[in-house]
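Chains as they are written, first to last, in this note's numbering: chain V, 10 to 402; chain G, 10 to 402.
Below: the structure, in structure tokens.
2 protein chains.
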Amino acid sequence: MTGPRRAVRATDSFHEGGIMDRRRVLGLAGALGAAAALPGLATARQKNEGQPAKARGRYRRIATEEAFATQPQLEGYRDIGKYLTQGADFNFTQILLGDSEYAKRQTPRLLDIGEGRIAQMDADGVDMQVLSLTSPGVQVFRPDTAIAIARESNDILAEAIRRYPTRFAGLAAIAPQDPKHSVVEMERAINQLGLNGFIVNSHTNGEYLDEEKFWPILEAAEALDRPIYIHPRSLPEEALGPFRPYGLGGAAWGYAVETGTHGMRLLFSGVFDRFPRLRIVLGHMGEGIPYWVYRFDHMYATAKRNWGTGSLKEPPSFYLKRNVLITTSGMFSEPVLKYCIEVLGADNIMWAADYPYQDSREAADFLDSARISEADRIKIYSGNAERVFHLKT
Amino acid sequence: MTGPRRAVRATDSFHEGGIMDRRRVLGLAGALGAAAALPGLATARQKNEGQPAKARGRYRRIATEEAFATQPQLEGYRDIGKYLTQGADFNFTQILLGDSEYAKRQTPRLLDIGEGRIAQMDADGVDMQVLSLTSPGVQVFRPDTAIAIARESNDILAEAIRRYPTRFAGLAAIAPQDPKHSVVEMERAINQLGLNGFIVNSHTNGEYLDEEKFWPILEAAEALDRPIYIHPRSLPEEALGPFRPYGLGGAAWGYAVETGTHGMRLLFSGVFDRFPRLRIVLGHMGEGIPYWVYRFDHMYATAKRNWGTGSLKEPPSFYLKRNVLITTSGMFSEPVLKYCIEVLGADNIMWAADYPYQDSREAADFLDSARISEADRIKIYSGNAERVFHLKT
């Protein structure tokens, strides 16, 4: 069923990271100003393969890690290109401004949160996208710039959702560089803009959300009852050494190390004792963390017994199950899905594609055909996302 | 069945890593000279719970990642304590020389590759241990010291195997600091000492075996038809930043990052095209790599299509299945085992306990009771190890 269809697709990822060390694209795309609809995309695929939401009846396909970009964000990246001349973040941002085939394909898709995107969603059978500002978001900017671009991008996002309330939801960008202001923006994003959660692209200048300076952000997320999605970015430059060869700093390995480490720090730090109703979302099937549940619980207990370390009220896995949801973004593997259902439960798993970097139709084919219970499929496609992001049903 | 028995056990691990930042143990153990038998250990457990090998008939329980130490090694660690005053390796080595309860328990167990260890193996139902010099082995020493201590330790190991040929096999320590001499020692270890493979404790001064300077080691392992077991150690000091808090540099997370990264570098580097019969062994259920099979193949192909990177003849997972074996050390999780059998096949999995850091009886209970086919259980307990390490059957 999926064989012949695969051949006509050419999905992309700029998550290869280390590649860009060799292939720096310094030119600026000419067409960035036009966030035009992309009518050709839908016809390039075989339409109507996905069941329409109404025919399916019992669930919507809600994709929860779907990227977009804004003009202010890209202009910010253009600016940092002037002073940031090396490293993963530089490569990561400048590629979108370049004139490579890749940039010409992806950047317009990222900028489009209107008709073109919706046409593609229709073609792929995606009912709703939960949008988030593409990585590394605003976290590479100076605090004042980050605050301004986050605010402006959140306004753009909220406007798209107002226009297409049944097709888009969204996570607010925040600037952890300034925790105090982040809280202001978080409150505005939920209470005034009606957004559905928050996106943080892992570390901010090498610092992680478990650190006390960021607790106001965690506290606000808990108080607002909206999750923080921790999205991958490159490891901090100084820690990147062992991961550089063969592009391993990127999506094949390093992003998971970075983001999984962020998740592990949160699990081990005690922030979930302090903020028991805080919810964190991790993509890519939990960034490797679920594989290690047995071992990290065991090692936590062993260290506590031998050395008196650790002051968590519960084993680390308790918080993984209570406070963390994982998504399927970029991990369309049935064995991994079944493993995660077994060790975490289906209530902790949400569907995600990672548009436009991954193929939404492949993501849907994967979950449509996975040999799991229909009750679990409904939770993963829609029920969990509706609950956690407070989506209208 | 396993509940009450658990209570009487106190297993240990010095793999907590970051803990030692807070609890440095600088004293020297008084009793290190006596590698005496430990008659109390066996009686502290309930004997005879494991089926004797003969009664089981169809397989031996062969544990493949079992640690020992030698006097020359510990004396070397004592010496580096004089000049190496910080960092994970310092902590890691000095702890064994200390007078903590932990050191008093574990160091004698590590030094004993005689009657005491065998009594414990009998109590735990372990038929054979494949011994390896405990991490970080000789890789923290200057080249000349490393070469001398590796050679001396290999002689000690070979002597223990000569005394107990049905109970012990062993992996030769090598000093990658000097690749040329490593090859000499590898040939001696197999052809003269009759050892069964090689142990490398991940990076050596921040360098990894995929780098061209180490190719002679890979070439020799292939020519000698013996595997290299890549055992965890701490990440290189300069990359350790994000992993330091909460002891996450150690066994709960950082060791897997380090060793998994080593494995990924080998998979992506092309060394398995160059040395197609080379075999690598990774503990801890493959150090996380098997979780990512879908994604790294997908990302490798995506990067190749978009950027022309990558020159492997086959997808990375091809080499994982052909050239890598994983072991159960410290990962006594049935869901993980079943997942790995599904994605890698039972031919690629070997049993290991990680004595004395983990409980061998728990490791045996885990595999005894795992709901897998009896054919797979036999392969994992003995068949694969016999084949790969050339053990006498």
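Ideal Cβ positions, reconstructed from N, Cα and C, are used throughout, including at glycine.
Beta-ladder partner(s) of residue 138(G), from DSSP
DSSP output for residue 138(G) lists 72(G) and 177(G) as bridge partner(s).
Just to confirm before moving on: does the CB-CB distance between residue 369(G) and residue 193(G) stay below 8 Å?
Taking 8 Å as the Cβ cut-off, residue 369(G) and residue 193(G) do not qualify as a contacting pair.
Between the stretch 256–276 of chain V and the stretch 285–294 of chain V, are three or more C-beta pairs nearer than 8 Å?
In this structure the stretch 256–276 of chain V lies against the stretch 285–294 of chain V, because at least three pairs of beta carbons, one per stretch, are closer than 8 Å.
Tell whether a beta-carbon distance below 8 Å holds between residue 177(G) and residue 122(G).
A contact, by the Cβ cut-off of 8 Å.
Using a Cβ-Cβ distance under 8 Å, would residue 200(G) count as near chain V?
Output row for residue 200(G): interface = no.
For residue 38(V) and residue 113(V), what's the separation of their Cα atoms in angstroms?
Its pLDDT being 32, under 50, residue 38(V) is placed unreliably by the model, and nothing is read from it.
In angstroms with no decimal places, state the Cα-to-Cα distance between residue 118(V) and residue 354(V).
Approximately 34 Å between the Cα atoms of the pair.
Go through its chain and collect everything with a Cβ distance to residue 350(V)'s Cβ below 8 Å, but skip five positions before and after it.
358, 381 and 385.
If I measure Cβ to Cβ from residue 167(G) and keep anything under 6 Å in the same chain, skipping five residues before and after, which residues do I get?
So the list reads 202, once near-sequence residues are dropped.
Residues of the stretch 220–231 of chain G with Cβ closer than 8 Å to any Cβ of chain V, in chain order
Within the stretch 220–231 of chain G, no residue places its CB atom closer than 8 Å to a CB of chain V.
Any beta carbon of chain V sitting closer than 8 Å to that of residue 150(G)?
Judged by the 8 Å Cβ criterion, residue 150(G) is not in contact with chain V.
Note the first and the last residue of the continuous beta strand (DSSP E) segment covering residue 238(G).
Element bounds for residue 238(G): 237–239.
Test: residue 4(V) CB closer than 8 Å to a CB of chain G:
Here chain V comprises residues numbered 10 to 402, so residue 4(V) is not present and cannot be evaluated.
Which same chain residues end up closer than 7 Å to residue 222(V) when comparing Cβ atoms and leaving out the 5 residues on each side of it in sequence?
Contacts found: 188.
From residue 252(G) to residue 363(V), what distance separates their C-alpha atoms?
Taking the straight line joining both Cα atoms gives about 27 Å.
Please list, in chain order, the residues of the stretch 241–257 of chain V that have any C-beta partner in chain G closer than 8 Å.
So the close ones are 244, 245, 247, 248, 249, 250, 251, 252, 254, 255, 256 and 257.
Taking Cβ-Cβ distances shorter than 8 Å, what residues in chain V pair up with residue 345(G)?
Within 8 Å Cβ-Cβ: 300, 303 and 348.
Distance, Cα to Cα, residue 231(G) vs residue 284(G)?
Taking the CA atoms as reference points, residue 231(G) sits about 7 Å from residue 284(G).
Determine the direct distance from the alpha carbon of residue 340(G) to that of residue 377(G), and round the result to whole angstroms.
Approximately 14 Å between the Cα atoms of the pair.
Interface positions of the stretch 309–335 of chain V facing chain G (Cβ-Cβ less than 9 Å), listed along the chain
So the list reads 309, 311, 312, 314, 315, 316, 317, 318, 319 and 325, given in the order they occur along the chain.
How is the beta strand (DSSP E) around residue 335(V) delimited, first residue to last?
Taken as a continuous stretch (DSSP letters only), the beta strand (DSSP E) holding residue 335(V) covers 333–336.
Please check if any C-beta of chain V sits within less than 8 Å of the C-beta of residue 297(G).
Closer than 8 Å: yes.
Reference residue 218(V), options 157(V), 175(V), 289(V) and 259(V), closest by Cα
Comparing Cα-Cα distances from residue 218(V) to each of 157(V), 175(V), 289(V) and 259(V), the minimum goes to 289(V).
How would you write the range of the alpha helix (DSSP H) that residue 249(G) sits in, first residue to last?
Residue 249(G) -> no alpha helix (DSSP H), and no H or E assigned at all.
Would you decide whether residue 116(G) is buried or exposed? Buried here means 16 or more other CB atoms lie within 10 Å of its CB.
Residue 116(G) comes out buried.
Contact check, residue 258(G) vs residue 243(G), beta carbons under 8 Å
Their beta carbons are under 8 Å apart, which means residue 258(G) touches residue 243(G) by this criterion.
Can you confirm whether residue 265(V), when its beta carbon is compared against all beta carbons of chain G, has any partner nearer than 8 Å?
It does: the Cβ of residue 265(V) has a partner Cβ on chain G nearer than 8 Å.
Mind reading off the beta-carbon distance from residue 239(G) to residue 206(G)? Whole number of angstroms is fine, and I expect it under 8 Å.
Contact flag wrong, Cβ pair sits at about 11 Å.
Does the Cβ-Cβ distance between residue 191(V) and residue 158(V) come in under 8 Å?
At a Cβ-Cβ threshold of 8 Å, residue 191(V) and residue 158(V) do not count as neighbours.
Quick one: grab the DSSP three-state call for residue 346(G).
Residue state, collapsed to three classes: helix.
Min CB distance residue 351(G) to chain V below 8 Å
Yes, contact with chain V.
Less than 8 Å between CB atoms is the rule here; does residue 57(G) satisfy it with respect to chain V?
With a pLDDT of 38 at residue 57(G), under the threshold of 50, the modelled position of this residue cannot be trusted, and the question is left open.
Using CA atoms only, rank isn't needed, just tell me which of 347(G), 67(G) and 352(G) is closest to residue 302(G).
Among 347(G), 67(G) and 352(G), the Cα nearest to that of residue 302(G) belongs to 352(G).
Mind checking if residue 260(V) is an interface residue toward chain G, Cβ cutoff 8 Å exclusive?
At least one chain G Cβ lies under 8 Å of residue 260(V).
On the DSSP letters alone, give me the boundaries of the alpha helix (DSSP H) that residue 289(V) sits inside.
Per DSSP, residue 289(V) belongs to no alpha helix (DSSP H); it is in the beta strand (DSSP E), 289–291.
Buried versus exposed call for residue 133(V) [16 or more other C-beta atoms within 10 Å across all chains shown]
Residue 133(V) should be labelled buried.
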